[in-house]
Amino acid sequence: MYNVSGIVQADTKRSAYYGENFGIENANIVIDGNVVARTDEYGRFSFNIKSGSYMVDIVYNFGFTRTVGLTVSDGDVIIGEPIKIVACDFNKDKKIDSADQNLFRIIVSSKKGDPAYLSYVDLNHDGYINAKDYLIIQSFDGIDACSYIYPELNLA
Ligand SMILES: [Ca+2]
Ligand SMILES: [Ca+2]
Numbered sequence: 020m021y022n023v024s025g026i027v028q029a030d031t032k033r034s035a036y037y038g039e040n041f042g043i044e045n046a047n048i049v050i051d052g053n054v055v056a057r058t059d060e061y062g063r064f065s066f067n068i069k070s071g072s073y074m075v076d077i078v079y080n081f082g083f084t085r086t087v088g089l090t091v092s093d094g095d096v097i098i099g100e101p102i103k104i105v106a107c108d109f110n111k112d113k114k115i116d117s118a119d120q121n122l123f124r125i126i127v128s129s130k131k132g133d134p135a136y137l138s139y140v141d142l143n144h145d146g147y148i149n150a151k152d153y154l155i156i157q158s159f160d161g162i163d164a165c166s167y168i169y170p171e172l173n174l175a
């Protein structure tokens with residue numbers, strides 16, 4: 020068995036600002052229908068698997084599923100590049116549209132500790148629901164999980 024580790028982050032369509040954490044918490048790493056790992060608050064995951072080629076699904080309650088190829092060949096795999104996912108499908112209807120923006124509007128200006136605050140809407144994890152999060156949500160407006168194609172990613 021070899022160890023595979025990596026990180027899942029919210030896709031932002033822009034370069035991350037220094038010091039911001041776009042890690043996706045509680046995304047499931049799924050291989051052949053089995054959950055092999057779940058991400059922590061920084062999006063980190065790790066699991067053990069034997070050598071082989073796998074299709075790995077990244078499944079998140081508030082985003083689009085992403086599938087990546089993984090090849091493990093007689094050694095541990097440390098995935099250096101973050102795996103980015105569309106993480107603003109808050110109502111999980113496979114579309115990013117006004118419904119998701121409406122949820123944002125309801126809780127905008129809330130901060131960590133407020134009853135209205137939702138950590139999954141705080142995409143940059145800075146403790147505030149504000150324009151920085153909205154810019155990300157807005158940049159994906161109109162996309163549909165059925166037609167949205169992630170860039171191909173194969174993890175050696
Ligand atoms: Ca949606
Ligand atoms: Ca924020």
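Numbering (the numbering used here), first residue to last: 20 to 175.
Every residue gets a Cβ at the ideal spot worked out from N, C-alpha and C, and that includes glycine.
Give the straight-line distance between the Cα atoms of residue i and residue j, rounded to the nearest whole angstrom.
i      : j      : result
LYS111 : PHE83  : 8 Å
LYS131 : HIS144 : 9 Å
PHE123 : ALA150 : 10 Å
VAL140 : GLN120 : 10 Å
ILE98  : LEU174 : 7 Å
ASN47  : ASN53  : 9 Å
ARG33  : GLU100 : 15 Å
GLY38  : GLY146 : 13 Å
Looking at residue i: is its Cβ nearer than 8 Å to the Cβ of residue j?
i      : j      : result
LEU89  : VAL78  : no
PRO107 : LEU142 : Before going on, a small fix: residue 107 reads as Cys here, not Pro. Yes, the Cβ-Cβ distance between CYS107 and LEU142 is below 8 Å.
VAL105 : TYR167 : yes
VAL91  : TYR21  : yes
GLU44  : THR58  : yes
SER117 : ILE148 : no
ASN164 : LYS113 : It should be pointed out that residue 164 corresponds to Ala in this sequence rather than to Asn. In this structure, LYS113 lies closer than 8 Å to ALA164 by Cβ.
SER70  : ASP51  : no
Name the two residues that bound the continuous beta strand (DSSP E) containing residue i.
i      : result
ARG57  : 53-57
ASN110 : Taken as a continuous stretch (DSSP letters only), ASN110 belongs to no beta strand (DSSP E), as it is neither H nor E.
SER166 : Counting along the chain, SER166 falls outside any beta strand (DSSP E), and DSSP gives it neither H nor E.
PHE66  : 63-68
ILE98  : Taken as a continuous stretch (DSSP letters only), ILE98 belongs to no beta strand (DSSP E), as it is neither H nor E.
Go to residue i, then tell me how far its alpha helix (DSSP H) extends in each direction, as first and last residue.
i      : result
ALA118 : 117-126
ALA29  : From DSSP, ALA29 is part of no alpha helix (DSSP H) but of the beta strand (DSSP E) over 21-29.
LYS151 : 150-158
Could you check if residue i belongs to the surroundings of ligand 3, using beta carbon to heavy atom distance under 7 Å?
i     : result
ILE97 : With respect to ligand 3, the structure offers nothing, as its ligand set consists of ligand 1 and ligand 2.
Worksheet item: Is the segment 154-174 close to the segment 128-139, with three or more CB pairs under 8 Å?
Response: Result no; under three Cβ-Cβ pairs closer than 8 Å.
Worksheet item: Does the pairing of the segment 21-33 with the segment 56-76 give three or more beta-carbon distances under 8 Å?
Response: Contact holds: three or more Cβ-Cβ distances are below 8 Å.
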